[in-house]
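What follows is a short report on a single structure.
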Amino acid sequence: MTDTVNARELVLGILMEVTREGGYSHMVLRSVLEKYQYLEKQERAFITRVSEGTIQHMIELDYIINQFSKVKVNKMKPVIRNILRMSVYQMKYMDSVPDSAACNEAVKLARKKGFSSLSGFVNGVLRNISRNLDGISYPDEEKNPMEALSVRYSMPEWIVEDWIENYGSKQTKAVLEAFLQETPLTIRTNLLKITPEELRKRLEAEGVTVQSIDEKKYPGLAYAFAISGFDYLNALPSFQEGLFYVQDISSMMVAELAEPKEGSYVIDVCAAPGGKSIHLAEKMKGTGMVEARDLTEYKVAMIEENIARHKLSNVRAVCQDATVFSEDSVETADVLIADLPCSGLGILRKKTDIKYKMSRKQQEELVQLQRQILDTVWQYVKKGGTLIYSTCTIHCGENEENVRWFVENHPEFTMQEMKQIFPEKNLGDGFFIAKFIRK
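Okay, here's the thing in structure tokens:
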């Protein structure tokens with residue numbers, strides 16, 4: 051590690067901002083990596099791995115620490131709590147880091163942060179855990195399945211309970227296992243600029259590892275790839291030129307299911323950062339118009355940045371609140387995309403801290419917000435037009451139950467297709483999508 055920047059100190063800063071200040075892990079980490087672009091690839095990978103891994107496994111890490119510390123995790127000073135968490139993560143999940151190094155660096159970090167009086171406590175707890183790590187007993191899955199799955203997969207018990215009730219134990223366990231797997235980044239070729247074959251060659255020339263997507267599993271996605279082996283996405287010339295868009299394969303299915311015709315008018319009511327809008331515009335081969343709307347100027351700026359990079363003339367970004375009725379929009383859309391704010395429990399690999407911030411009460415509030423938006427925007431769909439409702443979550447209330455509610459309350463629409471996509475071990479987020487046709 052470099053002398054000027056202590057990677058573990060940066061990790062601690064990330065954990066503090068996420069757990070104490072309420073920052074979103076993916077945004078905090080991205081900000082740090084952008085600030086310290088000059089760090090070597092190995093250091094950046096270490097910071098990413100320890101930050102994401104500690105947050106991802108936090109319930110299990112706290113369970114382990116509590117078995118060896120007289121002071122329980124929730125009673126500790128936040129700095130000490132996070133130093134212990136990140137150190138236990140390295141000891142349990144990173145073979146490349148010797149336990150002694152994890153302990154010694156934790157003690158140094160505690161002193162550096164002004165907690166010299168607690169450095170002995172940190173050292174004692176970590177040495178004790180190191181000696182006994184292989185023999186830790188976990189909750190019994192047969193006696194208490196909720197607690198056992200919660201601890202082993204670091205998922206809040208209420209989420210485990212909800213999933214088992216709605217999807218069964220087998221599917222729930224498969225989802226929990228999938229969320230702990232690393233997955234490559236998935237991208238979509240900008241077919242207006244380059245063919246998939248040419249993009250593959252460009253990426254490989256830039257030192258990127260490129261894998262094709264299984265078309266039997268994901269029909270129609272011959273333009274999609276999984277990429278890995280690069281250091282910094284923004285540094286790739288092919289990315290800067292807008293030759294591809296970073297998008298999860300589950301999310302790509304929205305445009306596939308929407309099937310926009312050339313010359314169509316499309317409204318995307320909650321569009322930021324604009325991936326689906328740009329996908330739809332590309333599928334229409336530069337014809338027609340996609341109006342990508344979102345609530346704030348900040349989100350609209352994100353959409354505009356992506357439009358500019360892809361140099362598309364048939365997308366425009368508009369600042370508009372989806373809950374507020376727009377008289378001018380009535381029966382104008384051939385296709386309306388309602389990819390609505392949701393609990394986000396399908397994307398826990400990318401946004402690991404969501405599971406700790408979400409609650410049942412917030413989920414119920416989101417269900418009501420989704421219904422409020424759907425109750426407003428359906429009027430913008432032309433007769434014979436298509437409405438796509440989607441979320442990036444796994445929750446019956448926001449998904450299947452909202453579809454049932456919509457069909458009951460809006461007989462003008464026929465539901466054509468509905469699918470809950472579960473995350474897979476090697477690819478794809480959890481996602482929900484439903485397609486309606488206005489009669």
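Each residue of the sequence shown is one higher than the one before, starting from 51 at the first, in my numbering.
The beta-carbon is built from N, C-alpha and C at its ideal position, and this holds for glycine as well.
Fill in: Alpha-carbon to alpha-carbon, Ala198 and Cys392
Distance between the alpha carbons of Cys392 and Ala198 is about 27 Å.
Fill in: alpha helix (DSSP H) segment containing Ser379, residue limits
Counting along the chain, Ser379 falls outside any alpha helix (DSSP H), and DSSP gives it neither H nor E.
Worksheet item: For Phe171, which of Met126, Glu451 and Ser379 has the nearest alpha-carbon?
Response: For the residues Met126, Glu451 and Ser379, the minimum Cα distance to Phe171 belongs to Met126.
Discussion item. Let me check understanding here. Comparing Cα to Cα, which of Asp389, Leu271 and Ser75 lies closest to Leu65?
Written reply: Comparing Cα positions, the closest option is Ser75.
Worksheet item: Enumerated in chain order, which unbroken segments of the beta strand (DSSP E) with a length of 3 residues or greater are wholly contained in the segment 306-362?
Response: Whole beta strand (DSSP E) segments, 3+ residues: 315-318 and 339-344.
Worksheet item: Between the C-alpha atoms of Tyr188 and Ser101, what's the straight-line distance to the nearest angstrom?
Response: Their backbone Cα atoms lie some 24 Å apart in a straight line.
Discussion item. Short of 8 Å in beta carbon distance, which residues of its chain neighbour Thr382, apart from the five on each side in sequence? Order them along the chain.
Written reply: So the qualifying residues of the chain are Tyr315, Ile317, Tyr430 and Lys432.
Fill in: Pair within 8 Å by beta-carbon distance, Gly299 and Tyr268
Residue identity check: residue 299 is Ile in the sequence provided, not Gly. A Cβ-Cβ contact shorter than 8 Å links Ile299 with Tyr268.
Fill in: Cβ neighbour criterion (16 or more within 10 Å) applied to Gly186
According to the sequence shown, residue 186 is Ile rather than Gly. Around the Cβ of Ile186, a 10 Å sphere holds fewer than 16 other Cβ atoms; the residue is exposed.
Fill in: Burial state of Thr464 (16 or more Cβ within 10 Å)
Looking at its Cβ environment, which holds fewer than 16 other Cβ atoms inside 10 Å, Thr464 is exposed.
Practice prompt. Would you please state the rounded distance, in angstroms, between the beta carbons of Thr337 and Gly313? I believe it to be under 8 Å.
Written response: Contact flag correct, Cβ pair sits at about 5 Å.
Worksheet item: Among residues of its own chain, excluding the 5 on either side of Val225, which ones have a beta-carbon nearer than 8 Å to its beta-carbon?
Response: Scanning its chain for C-beta atoms nearer than 8 Å, with the 5 sequence neighbours on each side dropped, one finds around Val225 the residues Trp213, Tyr217, Ile444, Phe472, Pro473 and Gly480, in chain order.
Item to complete: Just tell me which of Thr222, Leu111, Asn182 and Asp344 has its CA closest to the CA of Met196.
Response: Just measuring C-alpha positions, the residue of Thr222, Leu111, Asn182 and Asp344 sitting nearest Met196 is Thr222.
Practice prompt. Please confirm whether any heavy atom of the ligand ZN lies closer than 7 Å to the CB of Ile114.
Written response: Here there are no bound small molecules, and the ligand ZN is not part of this structure.
Worksheet entry | Contacting residues, own chain, Cβ-Cβ under 8 Å from Gln466 (five flanking each side not counted) | Excluding positions up to five away in sequence, the list reads Lys485, Phe486 and Ile487.
Fill in: Continuous beta strand (DSSP E) stretch holding Arg366: start and end
Note, Arg366: beta strand (DSSP E), Val365 to Cys369.
Fill in: Under 8 Å between C-beta atoms of Gly324 and Ile353
Contact: yes.
Discussion item. Quick check on this structure: which residue in Ile244, Ser278, Lys266 and Leu235 has the alpha carbon closest to the alpha carbon of Glu254?
Written reply: Of the candidates Ile244, Ser278, Lys266 and Leu235, the one whose C-alpha sits nearest the C-alpha of Glu254 is Ser278.
Discussion item. Going by beta-carbon coordinates alone, are Asn154 and Thr69 separated by less than 8 Å?
Written reply: No, Cβ-Cβ distance for Asn154 and Thr69 is not below 8 Å.
Worksheet item: Taking the continuous alpha helix (DSSP H) assigned at Asp425, which residues delimit it?
Response: First-last of the alpha helix (DSSP H) with Asp425: Arg410 to Val427.
Discussion item. Quick check on Tyr203: buried or exposed, where buried means 16 or more other Cβ atoms within 10 Å of its Cβ?
Written reply: Taking all protein chains shown into account, Tyr203 has 16 or more neighbouring C-beta atoms within 10 Å of its C-beta and is therefore buried.
Worksheet item: When you compare only the Cα positions, how much space is there between Gln420 and Ile404?
Response: Each residue's Cα considered, the two are about 19 Å apart.
Worksheet item: Can you give the Cα-Cα distance for Leu183 and Gly73, rounded to whole angstroms?
Response: The C-alpha of Gly73 is placed about 31 Å away from the C-alpha of Leu183.
Item to complete: Look at the alpha carbon of Lys475 and the alpha carbon of Pro234, and state the distance between them as a whole number of angstroms.
Response: Between Lys475 and Pro234, the C-alpha separation is close to 11 Å.
Practice prompt. Count the CB pairs spanning the segment 369-386 and the segment 398-415 that are closer than 8 Å, and state whether there are at least three.
Written response: At 8 Å Cβ cutoff, the stretches do not touch.
Worksheet entry | Tyr88 to Asp112 span [Cα, whole Å] | Using only the alpha carbons, I get a separation of about 33 Å.
Practice prompt. State buried or exposed for Ala160, treating a residue as buried only when at least 16 other CB atoms are found within 10 Å of its CB.
Written response: Within 10 angstroms of the beta-carbon of Ala160 lie 16 or more other beta-carbons, which makes it buried.
Item to complete: Can you tell me which of Lys326, Asp281 and Glu207 puts its alpha carbon nearest to the alpha carbon of Thr441?
Response: For the residues Lys326, Asp281 and Glu207, the minimum Cα distance to Thr441 belongs to Lys326.
Fill in: Expected contact under 8 Å - CB spacing of Ala308 and Ile438 to nearest Å
Contact between Ala308 and Ile438 is confirmed by a C-beta separation of about 5 Å, below the 8 Å threshold.
Fill in: Reference Gln412, options Leu286, Val340 and Ile209, closest by Cα
Measuring from the Cα of Gln412, the nearest candidate turns out to be Ile209.
Item to complete: Using alpha carbons as the reference points, say which of Glu192, Val340, Thr98 and Gln261 lies closest to Ser219.
Response: Closest in alpha carbon position to Ser219, among Glu192, Val340, Thr98 and Gln261, is Glu192.
Practice prompt. On the DSSP bridge assignment, give the partners of Ala484 in chain order.
Written response: Per DSSP, Tyr439 and Met468.
Worksheet item: Taking the C-alpha atoms as reference points, what is the distance between His329 and Glu256?
Response: Their Cα atoms are separated by approximately 24 Å.
Worksheet item: Is the beta carbon of Ala321 less than 8 Å from the beta carbon of Ala305?
Response: No, Cβ-Cβ distance for Ala321 and Ala305 is not below 8 Å.
Worksheet item: Do Leu293 and Ile357 have their C-beta atoms within less than 8 Å of each other?
Response: Cβ distance not < 8 Å, so Leu293 and Ile357 don't count as in contact.
Item to complete: State yes or no: is the C-beta of Ala501 within less than 8 Å of the C-beta of Thr426?
Response: The chain is shown only over 51 to 489; residue 501 falls outside these bounds and no answer can be derived.
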